[in-house]
Structures are given as C-alpha cells and as structure tokens.
Amino acid sequence: LPAPLAGVASYHFGWTDAAGRPDGGPTGKALRPALVTGCAEAVGGSARDAVAPAVAVELVHNFSLLHDDILDGDTTRRHRATAWAVFGSPTALLTGDALLALAPRALAEDDSPHLATGIRWLARSTELLVEGERADISFEERDRVTLAECLAMAERKTAELLACSCALGALWGGAGPERIASLRAFGRHLGTAFQLTDDLLGIWGDPAVTGKPARADLACRKKSLPVVAALESGTPAGRRLARRYTPPPDGTGEETPGELALLARLVEEAGGREWAERRAAGELERALAALEAAEPAPEAARRLSALARLACRRDR
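Heads up: the sequence shown begins at 1 in this note's numbering, then just goes up one per residue.
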C-alpha cells in the first residue's frame, strides 16, 4: 500500500499506534484465515498451500470493518479509537478500498490452478457482504423489520464470507464438489451463529472485554437479531420496547445508562435474548453436522470443531 494508507492499515490491524510505533495491543480474531487453512487441512491439503486465500479473505473482512465503523459511527474497536476517528473518514474509507483491491492480488500471488474460481467466489461473497451491509443500514430507517429479513441480512453480511473462507480452503486443499459444498455449509451456519453471538454481545457484552461501548447497538437503535425477535414477540415487553425503540429526539443517540439498561431488560423480557441464544446453539449444531458430512481428517476436524465452539461462545 502507499505509505499513508499503509500506516492506517497497520494501525487498524493493531500492529502500530497512531504515530506508527510498534504496538502490542489487541488484534483481530483471524477467524476467517483460520477457517481457510483449517478446511484445507481437513480435506488432505496443507495450511501452507492455502496462505494466499487466507490472506485474501482477511483483507476483504478488514475492508468491511473499516467501512462499517464509518457507517455505524463507531469510535472504538479493540479497546482503542477506530481508524476513521483517528485519521478521518476519507482516509479510512480509502484504506478500506485499498485492502479490497489487494485481495485478488493476494490470491494471484499463489499461481494456483484454482485462481479464476477463487477470484469469482471471493468477488461474489464481497457483493453479498455489501448487499447485507446496505440492508442493515436500510433497517434503521424502517419502523418494522421481520425476523426473516434480519436473518437474510446476517447471512449476507457475515455468514457468506465465512462460507467462502471454508470453500476456498477446501478448494485449495484439493477437495471435490461435494466436500466443498459441505464445508461451505459449515461456514454459513457458523457465520449465522457468529452474528447472533455478536448481536448478543452488542447488548449484554462487557465493554472491558469487548472493547466497545456498553449497549452500543441499543444506543443507535440497531435492529439486531435479539431486538427484532423481541419486537416480533407479541409480548407486553415487546410492545413497550417498540414504543421506546425510536431515535432520541436530539438525534445524537446518546442516552443515560438507565435508559439503555431498560431497553436491554425489555429485549430480554420479550424473549429476544433467549431466542438468539437458542438459535445460535442450533446454528452451531448444524455447522458441526455439515463439518462431519465433509468427512474431514480427524485432527483437522477436532481443531475446526473447537474453533467453531470458541467463535460462538466468546465474550468479545
């Protein structure tokens, strides 16, 4: 990357501070590249052979994070200021664009016979991710969003890239169509469970652990899965939540901790938390069943199962 954008990317990845000095602070989970290399090993390939697609999916993911922080107005990620809050929206936006442009270049470094297929899959996954992000934004402008719409949005915005990660790993590992399809399904169900967990943490996560403000999703009136489940519950608590779940009069999204705590309690009383936890557990079980259907190598299967459980039972 050009020097100015490289510095922003390095800061975003957690490698350096805002002045460009080495920083040993928290970094991302690297879930998607781990799925790529794990799925390559699961079908008899090697992690080393799958480095190129692993890098490519992580670049796409971080492009989406840089843009997402701007769109959501989030000023904190991983316990420090987001890139746009430090360097400004235009520079952070362009850095995200540059990371996206690097993704196919990373794939091309491999000179793999699967290159054309891999680029096509990654491009389609990115298109769906953007569609999901657009849907997520549009929900904020609507009074009512159905649970089916919200689940479809989560599948595009989050699950699709995890599914693509698993499919690319299997492809680079030499798998045939059936095993690739099973591992793609593994990633898709895992991605939905991951998003449900993320939405739960957005309301009930500990800021000291998540690195994000308390109940940030409620403060901006995000129609996350637990919230929509509560709003659709038909319960007294759900109806109370609907009356209060409108932007604050001043449009700042800043409210007292007491008001946000009330909203969180209403979501829980309306069954939104229980529904999301139950659905996440179900999606995880479906993911593990799809993994088993791929007939993975035993050691790789053990690691992928552990990774999936960790991703869905995390606290950040």
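From the three backbone atoms N, C-alpha and C, an ideal C-beta is built for every residue, glycine too.
Three-way DSSP call (helix, strand, coil) for Arg80 in this model: Taking the sequence shown and counting its residues from 1, one reaches residue 80 at position 80. Strand at Arg80.
The segment 197 to 205 / the segment 290 to 300 touching (three or more Cβ pairs under 8 angstroms): No: fewer than three Cβ pairs fall under 8 angstroms.
Bridge-paired residues (DSSP) for Pro53: Counting from 1 along the sequence shown, the entry for residue 53 is found at position 53. The partner list for Pro53 (beta bridge, DSSP) is empty, contrary to what the question assumes.
Straight-line gap, Arg221 to Gly187 (C-alpha atoms, nearest Å): Reading the sequence shown from its first residue, position 221 is the one you call residue 221. Reading the sequence shown from its first residue, position 187 is the one you call residue 187. About 29 angstroms.
Buried or exposed by the 16-neighbour rule on C-beta atoms within 10 Å, applied to Val57: Stepping through the sequence shown from its first residue, residue 57 is reached at position 57. Label assigned to Val57: buried.
Cβ shell of Ala9 (< 7 angstroms), same chain only, five flanking positions each side left out: Counting from one through the sequence shown, the residue named residue 9 turns up at place 9. Cβ neighbours of Ala9 beyond the five flanking positions: Leu1, Thr95 and Leu99.
Limits of the alpha helix (DSSP H) - the one that Leu225 falls within: As a position in the sequence shown, residue 225 is number 225, starting the count at 1. According to the DSSP assignment, Leu225 belongs to the alpha helix (DSSP H) that extends over Leu225 to Leu231.
Pro33 vs Ala54 beta-carbon contact at 8 angstroms: Here residue 33 is taken as the residue at index 33 of the sequence shown, counted from 1. Here residue 54 is taken as the residue at index 54 of the sequence shown, counted from 1. Taking the C-beta atoms as reference points, Ala54 is found nearer than 8 angstroms to Pro33.
Enclosing alpha helix (DSSP H) for Asp111 [first to last residue]: Against the sequence shown, residue 111 aligns to sequence position 111. Per DSSP, Asp111 belongs to no alpha helix (DSSP H) and is neither H nor E.
Residue interval of the alpha helix (DSSP H) (run including Val145): Counted from its first residue, the sequence shown places residue 145 at position 145. Counting along the chain, Val145 falls outside any alpha helix (DSSP H), and DSSP gives it neither H nor E.
Heavy atom of the ligand NAD within 7 angstroms of Ala167 beta-carbon: The ligand content of the structure shown is nil, which means the ligand NAD is not present either.
Member of Glu274, Ala311, Glu269 and Arg273 whose CA lies at the smallest distance from the CA of Ala287: The count along the sequence shown starts at 1 and reaches residue 287 at position 287. Comparing Cα-Cα distances from Ala287 to each of Glu274, Ala311, Glu269 and Arg273, the minimum goes to Ala311.
Local conformation of Thr16 per DSSP, three classes: Locating residue 16 in the sequence shown gives position 16, counting from the first residue. Thr16 falls in the strand class under three-state DSSP.
Three-state secondary structure assigned by DSSP to Pro296: Position 296 of the sequence shown, counting from 1, holds the residue named residue 296. Of the three classes helix, strand and coil, the one that applies to Pro296 here is coil, per DSSP.
Asp110 at chain C interface by Cβ criterion, 8 angstroms: The question asks about chain C, but that chain is absent: this structure has only one protein chain.
7 angstroms CB neighbourhood of Ala92 in its chain, flanking five on each side removed: As a working note, residue 92 is residue 92 in the sequence shown. If we look at Ala92 and ignore the five residues flanking it on each side, its Cβ neighbours are Val8, Leu66, Ile70, Ala83 and Trp84.
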